[in-house]
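Everything in the sequence shown is counted per numbering that gives the first Met the number 0, starting at 0 for the first residue and increasing by one.
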Amino acid sequence: MIVKEREFDYIIVGAGSAGCVLAARLTEDPDCQVLLLEAGGRDRSLMMSIPAGVYKVYHDPRFNWNYESEPQPELGGRRIPVPRGRTLGGSSSINSMVYLRGHPADYDAWAAQGLTEWSFGHCLAYFRRSETSDRGASLYRGGDGPLHVQRGRLQSPIFDAFEEASATAGHRLVEDLNGPDAVGIGRLDSTKVGGRRCSAAVAYLRPAATRRNLVVATGALVHRVIIEGQRATGVEYSLGGDVHTLQARREVVLCGGSINSPQLLMLSGIGPADHLRSLGIKPLLDQPYVGANLQDHLDLGMSFRCTEPVSHAWMGSPYGKLRVGLEWMIRQSGPAASNIWEIGGFARAMADSDLPTVHYHVAPMKIDSRPDGSFGLSHGFALHLSQLRQRSTGRLTLQSASPKHAPRIDFRFFSHSRDIVEMREGVKVTREIAMQAPLKRLGTLEVAPGVSARSDAEIDDALRASVNTEFHPSCTCKMGVGEDAVVDPQLKVRGIDGLRVVDASVMPHVVGANLNATVIMIAEKASDMMHGRPALEPVRVGAQPDGLVREILNLRAA
């Protein structure tokens, strides 16, 4: 749509999870005029609404930036896919919908670095405000927020056996992985309501869409933030082939995520000065840490075959697809109302760590990739094994001065030797679970990485050949109080007035979990800052043990 007005109080760039939250919260004030710009289109897709349709929508180029990394030397020169949502709701419209907050010590470690109002207690107040959990309101869970969160309900002998096998192997079974016990195996929560995906666009933007003080423009690619003196005054963007400029009376807010926000800062002249000059961009603020500190969760897809026909592989047959589809179309229920990844949790794989080091997501069928990029289903189960806190950090830089060119994304995976050790030990811990009687009774046999990868060296080779990311890029516009911070504790860009960043890029270090819940929390907290309201009172849950916080701080200093 063409934007008729030329001036707004706030211009929000990016209608992902954070952008949708801010657009809704800021326009609660009827005197606040807000423009939300999104490069992608509307979130109109049946497969986007159907939770089990995640793989269809995730591969749809209409809704995905489809970035990829630079060749990774420690991964045999492979380029790693980096999907990012390009539609209303951003990645919350194409992700697997898993709702996890991470370990409280992650947030207390933020506070220990001088971000005193970002402790877990402070953040928990905003986690609660954002959600309506079907587990009911409690000290840890919200009961009347916009984002609907449901406990996994899909019944499967695979899920039951995995929980029993985990307990037999010595892992705790946890009722609520977002509750006081953040380590163990249990049912995962997901962002769904009424059998449908509950993205940030569904939860926040749609209820606010009819407000007269909110304008949403899709198909709008922002080229740069306009900086006059040391203040952001507006944006330049293209829509329908024409280039336009718009003015912001109060602030420009970047919500493009950990790839697009640092890219846009650099295109606007805020970043490493020598790098900008090399591309013909005039540096307005030499900020060498824009795009630095890039972090993600390394992920290994493991696959297990079961000789007993107890999985949901039947969903892949023509009859199964018809049955599942009809049940969802008629009642919004059945397996299609599930995101499939309903069992998981956190485990300690390192003897020298008191923190969980790996993360599981389990699906009740074996997923078989085909040469044409499609996939089939067979009896067994799929498991994603992820490292929670990598020590390797990368950097994002520009490829050119054009906003139409993807930036260069260099994760530098496995550049720190500890990371491959933690992943290797995670494989061993997973195999211990798979060897327990509850799963052995189902005829469980590991297919990938497979029995050929037994020694440490063989496991490492399999990891280098197979790991990807969990699609959680973060930390490229780091929040902090030191010289390496891009934004301050109020999320304002240091050195430029009238400019904030609100998305996963501001995390000082990546939290040990899926990121959507945390990004929504960050935006909820930012909305109070921007309104000038007092922050919510922190929830009194007690600080984490000093040893856990110190362990996180030490690994970041390694």
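We put the beta carbon where it would ideally sit given N, CA and C, even for glycine.
All figures in this text were calculated on a predicted structure; none of them were measured in a lab.
Please report the straight-line C-alpha distance between residue 91 and residue 483, rounded to a whole angstrom.
As a position in the sequence shown, residue 91 is number 92, starting the count at 1. As a position in the sequence shown, residue 483 is number 484, starting the count at 1. Approximately 29 angstroms between the Cα atoms of the pair.
Can you tell me where the beta strand (DSSP E) holding residue 281 begins and where it ends?
Taking the first residue of the sequence shown as 1, we reach residue 281 at position 282. Premise fails: residue 281 is in no beta strand (DSSP E) and is neither H nor E.
Give a yes or no on contact between the region 114-122 and the region 282-299, applying the rule of three or more CB pairs nearer than 8 angstroms.
As far as the Cβ criterion goes, the region 114-122 does not touch the region 282-299, which means the pair count is below three.
Among residues of its own chain, excluding the 5 on either side of residue 332, which ones have a beta-carbon nearer than 7 angstroms to its beta-carbon?
For the purposes of this step, residue 332 is taken as residue 333 along the sequence shown, with counting starting at 1. Only 194 and 326 meet the Cβ criterion.
Could you name the residues of the same chain whose beta carbon sits closer than 6 angstroms to that of residue 24, not counting the 5 residues immediately before and after it, in chain order?
Reading the sequence shown from its first residue, position 25 is the one you call residue 24. Closer than 6 angstroms at the Cβ level, and outside the excluded window around residue 24, lie 526.
Go through its chain and collect everything with a Cβ distance to residue 543's Cβ below 6 angstroms, but skip five positions before and after it.
In the sequence shown, counting from the first residue as 1, residue 543 sits at position 544. Excluding sequence neighbours, residue 543 sits near 103, 104 and 107.
Of the residues 373, 378 and 339, which one's Cα is nearest the Cα of residue 360?
Position 361 of the sequence shown, counting from 1, holds the residue named residue 360. Minimum Cα distance to residue 360 is reached at 339.
Among residues of its own chain, excluding the 5 on either side of residue 164, which ones have a beta-carbon nearer than 6 angstroms to its beta-carbon?
If you number the sequence shown from 1, residue 164 lands on position 165. Result list for residue 164: 432, 435, 437 and 438, in chain order.
Taking only the alpha-carbon atoms, compute the straight-line gap between residue 457 and residue 253 and give it to the nearest angstrom.
Translated into the one-based positions of the sequence shown, residue 457 becomes position 458. Translated into the one-based positions of the sequence shown, residue 253 becomes position 254. Straight-line Cα distance between these residues: approximately 44 angstroms.
May I ask you to report which of helix, strand or coil DSSP gives residue 439?
As a first step, residue 439 must be located in the sequence shown, where it is residue number 440. Correct three-state label for residue 439: helix.
For the region 234-252 against the region 42-51, do three or more pairs of beta-carbon atoms, one drawn from each stretch, fall closer than 8 angstroms, so that the two count as touching?
No: the two stretches stay apart, fewer than three of their Cβ pairs being nearer than 8 angstroms.
Quick check: what's the CA-CA separation for residue 582 versus residue 294?
Residue 582 is absent from the model: the chain starts at 0 and stops at 557.
Between the region 132-140 and the region 411-421, do at least 3 Cβ pairs fall closer than 8 angstroms?
Result no; under three Cβ-Cβ pairs closer than 8 angstroms.
Counting only the same chain and skipping the five closest in sequence on each side, list residues whose C-beta sits under 7 angstroms from that of residue 520.
By one-based count along the sequence shown, residue 520 stands at place 521. Around residue 520: 122, 125, 126 and 129.
Out of 63, 367 and 145, which has the shortest C-alpha to C-alpha gap to residue 20?
Working through the sequence shown from its first residue, we reach residue 20 at position 21. Nearest of 63, 367 and 145 to residue 20, Cα basis: 145.
On the DSSP bridge list, what partners appear for residue 383?
Walking along the sequence shown from the start, residue 383 turns up at place 384. Answer is 300 and 360, bridged to residue 383.
Relative to the alpha-carbon of residue 385, which residue among 511, 192 and 79 has its alpha-carbon at the smallest distance?
By 1-based counting over the sequence shown, the position of residue 385 is 386. Selected option, being the one with the closest Cα: 511.
Less than 8 angstroms between C-beta atoms, sequence neighbours within five positions excluded: which residues of the same chain meet that for residue 480?
Taking the first residue of the sequence shown as position 1, residue 480 is located at position 481. 112, 113, 114, 487 and 488, listed in sequence order.
With DSSP collapsed to three states, give me the class of residue 288.
Mapped onto the sequence shown, residue 288 falls at position 289. If DSSP states are grouped into helix, strand and coil, residue 288 belongs with coil.
Measure how close the beta-carbons of residue 12 and residue 221 come, nearest whole angstrom, since I'm counting them as under 8 angstroms.
As a first step, residue 12 must be located in the sequence shown, where it is residue number 13. As a first step, residue 221 must be located in the sequence shown, where it is residue number 222. Contact holds; Cβ gap of about 5 angstroms.
How would you call residue 177, buried or exposed, if buried means at least 16 neighbouring beta carbons within 10 angstroms?
On the sequence shown, residue 177 is found 178 positions in, with the first residue counted as 1. By the neighbour-count rule (16 or more Cβ atoms within 10 Å), residue 177 is buried.
Which partner residues does residue 216 have in the DSSP bridge list?
For the purposes of this step, residue 216 is taken as the residue at position 217 of the sequence shown. Paired residue(s): 36.
For the beta strand (DSSP E) holding residue 12, just list the boundary residues, first then last.
Sequence index remark: in the sequence shown, residue 12 carries index 13 (1-based). Residues 6-12.
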